[in-house]
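*Asks:*
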Amino acid sequence: MIEKDLIIIGGGPSGLCAAKTALEAGMEVLLIDRSPNLGGQLVKQTHKFFGSKAQYAKTRGFDIAKKLITDLEKFEKLEIKSNTTVTGLYSDHVVTTYDNHEYLRYQAKAVIVATGASEKFLAFENNDLPGIYGAGAVQTLMNSYGVIPGSEIVMVGSGNIGLIVSYQLLQAGVKVKAIIEAAPTIGGYKVHASKIRRLGIPILTSTTVKKAIGKDAIEEIEIVSLDEKWNEVPNSSQFISLDALCISVGLSPMHQLLSMVNAKTKFINELGGFVPVIDHHHQTSIPGIFVCGDAVGIEEASSAMMEGYLTGLYASNHLGKCHPNEKEMITHYENQLSMLRDGPFGIKTKVGLEKLREGNKHAE
Amino acid sequence: MLNKTGIPEKELVLSRFPNQKALLKPKAILECYEDIPCNPCSTSCPFDAIEIGPNINVQPHLLVDVCTGCGVCVPSCPGLAIVIAQIRGNDAVFKIPYEFLPMPEKNAVWDGVNRSGEVICDALIEQVVINKKQDHTAVVTVSVPVEFLHDFVTIRVKL
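Chains as they are written, first to last, in my numbering: chain A, 1 to 364; chain B, 1001 to 1159.
See the structure below:
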């Protein structure tokens, strides 16, 4: 058994930020990620980020990843295991890993779960035809490996990811034939929507995909209009020829490792699905096991970073190792976080977090 | 309409344009119509001409008299929602952000495009600036007939 102060599972924006503040507090940290590179989804984000200076606004996502990774280079008490899958988490803070045909067991004093989110999918006829992708896969192919997913594509979903990936597809020379959205209004930021619309790409709200058509791969889709009760409008079918369809209909928190330790979870629609119940210091119902980032509710990477910095501080404090500037930093990041959630897009998260905490003694 | 199509209503667009007299000098047009947590336009302005304040969800407000039309905010806006506009005789001259290949070249004539993505006029490329500070967002100076002042928003290579 290998002993560590703190094990952070997930090297995306939240995990990287948690590692930084915990290392500054003097903790010995093991950061584990299943990918070959750290940075999580940031490495595929070629657009400039929103927020303020504290969230590295107007910096492109992959450059933010570089910055967060560089921030960790100076720490000797950090061990990074990439290409490594966490196979088990136990309530006594044992973490098991598998990489390169090696199975290892670690004993941590505290654990931070920063596993992020997985994509939701959509049920429709023939949704398993080749050529139908999730938005994350499209970004990996296109932005990490330089491979375009098709030549003519339709995007399903007009949240920020759907809008951003559509723009990136256009930059890569792919013809985006339309963005369709089942809800009556566009889900993401209107500035993203406007910047695609002025490129001539129609955004069709109250519209969904009914069927994919094709023999060996997708060739065409049938789309239909939806009424205010989300029922199909009769005779509203249209057919669009294409060779790729991209699904971007939201994300679900990755709570599986926390379910493995029987951490209390709740289904909170506003946060994206099942999320672990946390106290005000991001501690789950299992003492010493913390969670931050999308794993505890879907938000922007800017919020995930702020939560990461905070959770690194909380976990250090839990082990009696206080950051020299703990108080000021907690105030600063808590203020940043509440400001990010202060606009109309943040209301969902605020409501979700209230629901998550209500009626939980451990969260008081 | 903006909510459903991504196309801002005409009144919304007009609300962000200073009067014709002010536009004899270049001014920033801030097409940010939604309270989102974001403030790089304000923090990047060397003249403090864009106000947002401590709550970064507030929409930016332009101090028209202070704005010099320098264009630093154009590539700083992550939403690519800022252009610089100026009236110059019979032309409207814009500085717009551009992130596509091929890049336009000086003196070329491209299509001028409106907020719905329709071609509305010819657009003469006057200058293309891309430097490190802009981080891969080119700023293109382009002129169109002045009657398209409120309609023109971007350029497209002629097919």
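Quick reminder that beta carbons are idealized off the backbone N, C-alpha and C, glycines included.
For Val1109/B, which residues from the same chain have a beta carbon less than 8 angstroms from its beta carbon, with the 5 sequence-adjacent residues on both sides left out?
*Replies:* In the second sequence, the residue the question calls residue 1109/B occupies position 109. Cβ within range, chain order: Asp1122, Ala1123, Leu1124, Ile1125 and Lys1158.
*Asks:* So, helix, strand or coil for Ile298/A, using DSSP?
*Replies:* Numbered from its first residue, the first sequence carries residue 298/A at position 298. Of the three classes helix, strand and coil, the one that applies to Ile298/A here is coil, per DSSP.
*Asks:* For Gln45/A, return the contacting residues in chain B, with the cut-off set at a CB-CB distance below 9 angstroms.
*Replies:* Sequence index remark: in the first sequence, residue 45/A carries index 45 (1-based). The contacting residues do not exist; Gln45/A stays about 11 angstroms from chain B at best.
*Asks:* Quick one: which residues of the region 1055-1076 of chain B get their C-beta closer than 7 angstroms to a C-beta of chain A? List them in chain order.
*Replies:* Under the 7 angstroms Cβ criterion, the region 1055-1076 of chain B contributes Asn1055, Ile1056, Asn1057 and Ser1076.
*Asks:* Counting contacts by CB-CB distance shorter than 7 angstroms, is Cys1038/B in contact with chain A?
*Replies:* Walking along the second sequence from the start, residue 1038/B turns up at place 38. So, interface residue.
*Asks:* Is any beta-carbon of chain B found at less than 7 angstroms from that of Gly200/A?
*Replies:* If you number the first sequence from 1, residue 200/A lands on position 200. Yes - at least one Cβ of chain B is within 7 angstroms of the one on Gly200/A.
*Asks:* Counting only the same chain and skipping the five closest in sequence on each side, list residues whose C-beta sits under 8 angstroms from that of Tyr106/A.
*Replies:* Within the first sequence, the letter at position 106 stands for residue 106/A. Closer than 8 angstroms at Cβ, skipping near neighbours: Met1, Ile2, Glu3, Lys4, Ile7, Leu30, Val94, Val95, Thr96 and Thr97.
*Asks:* Closer than 8 angstroms, Cβ to any Cβ of chain B: which residues of the region 186-197 of chain A, in chain order?
*Replies:* Those residues of the region 186-197 of chain A that come within reach of chain B (Cβ to Cβ, closer than 8 angstroms) are Ile186, Tyr189, Lys190, Val191, His192, Ala193, Ser194, Lys195, Ile196 and Arg197.
*Asks:* Would Leu1030/B count as contacting chain A if we go by Cβ distances under 7 angstroms?
*Replies:* What you label residue 1030/B is simply residue 30 of the second sequence in a count that begins at 1. No, its Cβ sits nowhere closer than 7 angstroms to a Cβ of chain A.
*Asks:* Which of the three DSSP states is assigned to Arg197/A in this structure?
*Replies:* The residue labelled residue 197/A in the question sits at position 197 within the first sequence. Here Arg197/A sits in helix by DSSP.
*Asks:* Taking all protein chains shown into account, decide if Leu356/A is buried (16 or more other Cβ within 10 angstroms of its Cβ) or exposed.
*Replies:* Numbered from its first residue, the first sequence carries residue 356/A at position 356. When all chains shown are included, Leu356/A counts as buried.
*Asks:* List, from N- to C-terminal side, the alpha helix (DSSP H) runs of 4 residues or more that fit wholly inside the region 103-176 of chain A.
*Replies:* Here the runs fully enclosed are 135-139 and 160-171.
*Asks:* Just the chain B side, please: which residues come within less than 9 angstroms of Thr205/A by C-beta, in chain order?
*Replies:* As a working mapping, residue 205/A is identified with position 205 in the first sequence. What Thr205/A touches in chain B: Asn1003, Lys1004 and Thr1005.
*Asks:* Do the CB positions of Val165/A and Ile240/A come within less than 7 angstroms of each other?
*Replies:* Working through the first sequence from its first residue, we reach residue 165/A at position 165. Working through the first sequence from its first residue, we reach residue 240/A at position 240. Cβ atoms of Val165/A and Ile240/A: not closer than 7 angstroms.
*Asks:* With a threshold of 8 angstroms, are at least 3 pairs of Cβ atoms found where one atom belongs to the region 1016-1032 of chain B and the other to the region 1075-1092 of chain B?
*Replies:* Result yes; three or more Cβ-Cβ pairs closer than 8 angstroms.
*Asks:* Any Cβ of chain B within less than 7 angstroms of the Cβ of Gly343/A?
*Replies:* Mapped onto the first sequence, residue 343/A falls at position 343. Yes, Gly343/A counts as interfacial toward chain B.
*Asks:* Who are the neighbours of Val1153/B on chain A, taking C-beta pairs under 8 angstroms?
*Replies:* On the second sequence, position 153 is the one that residue 1153/B refers to. Result: Arg198.
*Asks:* Suppose contacts are defined by Cβ-Cβ distances below 7 angstroms. Is Ser303/A in contact with Gly272/A by that definition?
*Replies:* Numbered from its first residue, the first sequence carries residue 303/A at position 303. Numbered from its first residue, the first sequence carries residue 272/A at position 272. No, they are not a contact pair.
*Asks:* Are the beta-carbon atoms of Phe1094/B and Thr1068/B separated by less than 7 angstroms?
*Replies:* Locating residue 1094/B in the second sequence gives position 94, where the first residue counts as 1. Locating residue 1068/B in the second sequence gives position 68, where the first residue counts as 1. Not closer than 7 angstroms, so no.
*Asks:* Just the Cα atoms here: how many angstroms apart are Gly188/A and Lys175/A?
*Replies:* By 1-based counting over the first sequence, the position of residue 188/A is 188. By 1-based counting over the first sequence, the position of residue 175/A is 175. Rounded to whole angstroms, Gly188/A to Lys175/A spans 21 angstroms at the Cα level.
*Asks:* I want to verify the contact list: residues of chain B whose CB lies under 7 angstroms from the CB of Gly146/A, in sequence order.
*Replies:* Here residue 146/A refers to the residue found at position 146 when the first sequence is read from its first residue. Here the premise fails: no neighbours, minimum Cβ distance about 14 angstroms.
*Asks:* Anyone know if the C-beta pair for Ile218/A and Ile132/A falls short of 7 angstroms?
*Replies:* Against the first sequence, residue 218/A aligns to sequence position 218. Against the first sequence, residue 132/A aligns to sequence position 132. The answer is yes: Cβ separation under 7 angstroms.
*Asks:* Counting beta carbon pairs with one atom in the region 289-296 of chain A and one in the region 254-261 of chain A, are three or more of them shorter than 8 angstroms?
*Replies:* At 8 angstroms Cβ cutoff, the stretches touch.
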